[in-house]
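The structure under discussion appears below in the form of structure tokens.
Put into structure tokens, the structure is as follows:
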């Protein structure tokens, strides 16, 4: 079964450093998403991406965040200057154009900012 | 806008007892509905999904859920709880609108199974 893969599974970074979280969506999918889950809280939508541009973003997705699809397979989330409160699990997801299909989620990257 | 409400942030059941986790949804269009399970320090695992086909949906690990439009509910059940079912469960909703599938999650219910 096709799956969304995320790397790394766990990343530790120092406050103020830039971090890039990587995702490989399912190959024929066209919509891509990032979600965040702070420890002990619910999963929150960050941003969606379609046709090489952001299609929707939440109020969480401020100027320190950016997304990119640098090639035909990867989808990245960059946090420019990490803060302690960015520590969370980040989930990537993708979905296709076919009706009656849901979004598929990766296993997540746990980001710890120290 | 779509949303889901999960009633009860913590539910405790005895091993072998019925599991019932409640979820009500709000959606202006026919929704897709999902239940995900998350074990400690792990990712999201899809338990089951409703995508406008059968209203009674069977998922993995013996779980099932019934879509009730009249009650706007999608409660998750399992006839007999196992210790391994202890985890956090998230109800979620997305629009039935083709390829774009932004998902909105509930606040989660932690299931404790007592031996």
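Chains as they are written, first to last, in the working numbering: chain U, 1 to 114; chain L, 115 to 229.
For glycine and all other residues, C-beta sits at the position ideal for the given N, C-alpha and C.
- Residue 141/L is outside the set of residues whose beta carbon lies under 9 Å from a beta carbon in chain U.
- By the Cβ-count criterion, residue 79/U is buried, with 16 or more other Cβ atoms from all chains shown falling within 10 Å of its own Cβ.
- The alpha-carbon separation between residue 218/L and residue 113/U amounts to approximately 26 Å.
- In this model, residue 123/L and residue 116/L are separated by some 20 Å (Cα to Cα).
- Residue range 178-182 is occupied by the beta strand (DSSP E) that includes residue 181/L.
- One finds 95, 102 and 103 in chain U with Cβ atoms closer than 9 Å to the Cβ of residue 208/L, taken in chain order.
- Pairing residue 163/L with residue 175/L gives a Cβ-Cβ distance that is not under 9 Å.
- Fewer than three Cβ pairs drawn from the segment 90-110 of chain U and the segment 52-59 of chain U lie within less than 8 Å of each other, which leaves the two stretches out of contact.
- Residue contact with chain U for residue 125/L: absent (no Cβ-Cβ distance below 9 Å to any residue of chain U).
- Chain U places a beta carbon closer than 9 Å to that of residue 204/L, counting this residue as a contact.
- According to the DSSP secondary-structure assignment, residue 95/U is paired through a beta bridge with 31/U.
- Taking CB atoms only, residue 121/L has no neighbour in chain U less than 9 Å away.
- Cβ neighbours of residue 28/U within its own chain (closer than 7 Å, five residues either side excluded): 96.
- Within the same chain, 189 and 191 come within 7 Å of residue 134/L by CB-CB distance, once the 5 residues on both sides are set aside.
- For residue 170/L, no Cβ of chain U is located within less than 9 Å of the residue's own Cβ.
- When the five nearest sequence neighbours on each side are left out, the beta carbons in the same chain lying within less than 6 Å of the beta carbon of residue 17/U are those of 82, in order along the chain.
- The three-state reading of DSSP puts residue 79/U in strand, counting E and B together.
- With fewer than 16 other Cβ atoms inside 10 Å of its own Cβ, residue 12/U counts as exposed.
- CA-CA distance, residue 178/L to residue 87/U, rounds to 34 Å.
- Within chain U, the residues 102 have their CB atoms less than 8 Å from the CB of residue 163/L, given in chain order.
- With the criterion set as a beta carbon lying under 9 Å from some beta carbon of chain U, the members of the segment 213-225 of chain L are 213, 214, 215, 216, 217, 218, 219, 220, 221 and 222, in sequence order.
- Distance from the CA of residue 64/U to the CA of residue 77/U, rounded to the nearest whole angstrom, comes to 10 Å.
- If you draw a straight line from the Cα of residue 151/L to the Cα of residue 202/L, it is about 6 Å long.
- Rounded to the nearest whole angstrom, the CA to CA distance from residue 169/L to residue 14/U is 48 Å.
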